[in-house]
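Colleague: Residue numbers (our numbering): 268 to 737. Even for Gly, the Cβ is constructed at its ideal location relative to N, Cα and C. Since the structure is predicted, the reported quantities are computational estimates derived from the model, not experimental observations. Pasting in a structure now, in structure tokens, and then I'll have a few things to ask.
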Ligand SMILES: *Cc1c(COP(=O)(O)O)cnc(C)c1O
Ligand code: SF4
């Protein structure tokens, strides 16, 4: 009897194996193709000659990262001169000469660049300008294209949306990005730009906090900069507790590029990480959400160090969301964006926004079109969980705020003009975005150089925008 049963069991197992019980809707994905679950853990920084003997513990020490930050073109050139051609060095030297941003690159970022292919490398493109790739600015560009200063009741505080405010707490960052929207205020003055001051002075902070106390409708504050990574632990505590003490403030975010470009600080700067944790935990007891918004742009920025750092934040129950900037030759193809979303999801970072590149001085080569954004959006939607699918937005020049990239009233691919409205932000107003000239026909590019033609193209687009409004 017993043996009979066994026999029967065996034979039914056989049936299972022979006639697979699942209909194979898709072929299983080969392990080797699941690239987003194995971030690199090699000693990649040792490829930089000066750091060939630097061990892991030294490399992840945030003080070492600060001490070895690359802060001048000369330091950069000497760090990599043995790895690149003379022609490339010269190109970077000239590129820096024309850049509106100050220079600062973390050793982590510098060593993630593939120095065998520096021209194509997506991290190099974001942080190091090369003169041969620069393009003239679009004629519609102004320095503060988002008009953050126009919507500012007190220096460094922008109150544009009904229930949220943006507080620029300080003017420094752990790195300076070529594409920074706030190049009007962030970093040191350069040869080309004298900056607006948003220094971390007590007086300026007190005025911003005092304003927020008088505005019961504000529930949400973005603490940005500069970058919250540069705030000292005691500044995080002061600001965090002051905001938590205001009953109407229900949520706020620390905006920092740090987790993407210097993740080791989370692991080794215990004072900083503990300060953020203290605010998040007190917030949670008050039923208020405090989280971190960060800024990864390319899958290469996610390493084993990022994984360890983000796991630590996750264990502490700290929500982290990501806001990318869409950049030509960096992340403007579906495969890269899908890989980025998956890698971020793997380290529990929610892809929140992808911004169409703002009109920023000296970065025309990095901008893409609204069409690119709409096409990428189609590819991403459906590739993974909806809550790990970013929304593509255009931060409409002129202060309209963020609009869904595909929600234009009108879009003329020939002139590259898209027209947006923002009924809850600036009722009745129109906001125009301009595709980079490189993507337009040679004749239309010439029209843009002519003031009369330019005005005609703009008024024609506005009229169509009104006519076709949905
Ligand atoms: C982006 C931004 C915010 C926050 O907007 P969300 O869509 O909630 O992320 C707030 N104020 C200003 C001025 C902003 O630019
Ligand atoms: S870290 Fe942010 S604020 Fe600082 S330069 Fe980069 S984009 Fe600008």
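Is the beta carbon of residue 530 less than 8 Å from the beta carbon of residue 572?
Modeller: Taking 8 Å as the Cβ cut-off, residue 530 and residue 572 qualify as a contacting pair.
Colleague: Among all residues, which have a Cβ less than 7 Å from at least one non-hydrogen atom of ligand 1, and in what chain order do they fall?
Modeller: My final list is 413, 415, 418, 425, 427, 428, 431, 432, 433, 487, 489, 620, 662, 668, 669.
Colleague: Per DSSP, residue 409 is paired with what?
Modeller: Answer is none; residue 409 lacks a bridge partner.
Colleague: Looking at the unbroken beta strand (DSSP E) that takes in residue 336, where does it start and where does it end?
Modeller: Taken as a continuous stretch (DSSP letters only), residue 336 belongs to no beta strand (DSSP E), as it is neither H nor E.
Colleague: Beta-carbon within less than 7 Å of residue 325's beta-carbon, same chain only, minus the 5 sequence neighbours each way: which residues are those?
Modeller: Taken in chain order, the residues that qualify are 331.
Colleague: With DSSP collapsed to three states, give me the class of residue 322.
Modeller: It is coil, neither helix nor strand.
Colleague: Given a cut-off of 8 Å, decide if residue 700 and residue 663 are closer than it, judged by their beta-carbon atoms.
Modeller: Going by C-beta atoms, residue 663 is nearer than 8 Å to residue 700.
Colleague: Among the residues of its own chain, which have a CB less than 6 Å from the CB of residue 659, if the five just before and after it don't count?
Modeller: Counting only Cβ-Cβ distances below 6 Å, and skipping sequence neighbours, we find 621, 640, 644, 672.
Colleague: Just confirm the distance between the C-beta atoms of residue 524 and residue 623, as a whole number of angstroms; I'd bet it's less than 8 Å.
Modeller: Actually they are not in contact, since the Cβ atoms of residue 524 and residue 623 sit about 18 Å apart, beyond 8 Å.
Colleague: Where in the segment 519-574 do unbroken runs of the alpha helix (DSSP H), each at least 4 residues long, occur, reported from the N-terminal end onward?
Modeller: Listed in chain order, the complete alpha helix (DSSP H) runs (minimum 4 residues) inside the segment 519-574 are 525-528, 531-535, 537-552.
Colleague: Which residue or residues does DSSP assign as beta-bridge partners of residue 617?
Modeller: Its beta-bridge partners are 588.
Colleague: From which residue to which residue does the alpha helix (DSSP H) around residue 711 run?
Modeller: Segment 709-716, the alpha helix (DSSP H) holding residue 711.
Colleague: I need the straight-line Cα distance from residue 437 to residue 431, nearest angstrom please.
Modeller: Cα-Cα distance, rounded: 19 Å.
Colleague: Please tell me whether, using a cut-off of 7 Å, the distance from the CB of residue 423 to the nearest non-hydrogen atom of ligand 2 is below it.
Modeller: No, since every heavy atom of ligand 2 falls outside the 7 Å radius drawn around the Cβ of residue 423.
Colleague: Is the beta carbon of residue 494 within less than 7 Å of some heavy atom of ligand 2?
Modeller: At least one heavy atom of ligand 2 is nearer than 7 Å to the Cβ of residue 494, so yes.
Colleague: Determine the contact status of residue 580 and residue 545, defining contact as a CB-CB distance below 8 Å.
Modeller: In this structure, residue 545 does not lie closer than 8 Å to residue 580 by Cβ.
Colleague: Please work out which residues of its chain come closer than 6 Å, Cβ to Cβ, to residue 415, disregarding the five sequence neighbours upstream and downstream, and give them in chain order.
Modeller: The answer, listed in chain order, is 425.
Colleague: Helix, strand or coil for residue 359? Go by DSSP, reduced to three states.
Modeller: DSSP places residue 359 in helix when its eight states are reduced to three.
Colleague: Kindly indicate which three-state DSSP category residue 348 falls into: helix, strand or coil?
Modeller: It is coil, neither helix nor strand.
Colleague: Who are the Cβ neighbours of residue 516 in its own chain at under 8 Å, not counting the five residues just before and after it?
Modeller: The residues are 479, 485, 486, 487, 488, 510, 555.
Colleague: Check the C-beta distance from residue 608 over to residue 598 and give it rounded, since I have them as a contact under 8 Å.
Modeller: Going by Cβ atoms, the distance from residue 608 to residue 598 rounds to 10 Å, so no, they are not a contact pair.
Colleague: According to the neighbour-count rule (16 or more other Cβ atoms, all chains shown, within 10 Å of its Cβ), is residue 294 buried or exposed?
Modeller: Exposed.
Colleague: According to the neighbour-count rule (16 or more other Cβ atoms, all chains shown, within 10 Å of its Cβ), is residue 287 buried or exposed?
Modeller: Burial call: exposed.
Colleague: Quickly, what does DSSP pair residue 291 with across the bridge? List them, please.
Modeller: DSSP, once it has assigned bridges, lists no residue as partnering residue 291.
Colleague: Look up residue 311 in the DSSP assignment and give the residues it is bridged to.
Modeller: Answer by DSSP bridge pairing: none, since residue 311 is not bridged.
Colleague: Per the DSSP calculation, residue 432 is bridged to which residue(s)?
Modeller: For residue 432, which the question treats as bridged, DSSP gives the partners 488.
Colleague: Which residue or residues does DSSP assign as beta-bridge partners of residue 677?
Modeller: According to DSSP, residue 677 bridges with 686.
Colleague: Using the Cα positions of residue 578 and residue 534, report the straight-line distance between them to the nearest angstrom.
Modeller: Spanning the two alpha carbons is a distance of roughly 10 Å.
Colleague: Helix, strand or coil for residue 395, going by three-state DSSP, please let me know.
Modeller: Coil at residue 395, not helix or strand.
Colleague: If you measure between the beta carbons of residue 770 and residue 594, is that distance less than 8 Å?
Modeller: Within the shown structure, residues of the chain are numbered from 268 to 737, placing residue 770 beyond reach of any answer.
Colleague: Ligand 2 heavy atoms versus the CB of residue 562: any closer than 7 Å?
Modeller: Flag set: Cβ of residue 562 near ligand 2.
Colleague: By Cβ distance below 8 Å, which residues in the same chain neighbour residue 439 in space, the five residues on each side in sequence not counted?
Modeller: Excluding sequence neighbours, residue 439 sits near 453, 454, 492, 493, 494, 497.
Colleague: Classify residue 602 as buried or exposed, calling it buried when 16 or more other Cβ atoms lie within 10 Å of its own Cβ.
Modeller: Classification of residue 602: exposed, given that the 10 Å Cβ count is below 16.
Colleague: Would you give the residue range spanned by the alpha helix (DSSP H) that residue 671 belongs to?
Modeller: Careful: residue 671 lies outside any alpha helix (DSSP H), inside the beta strand (DSSP E) at 668-671.
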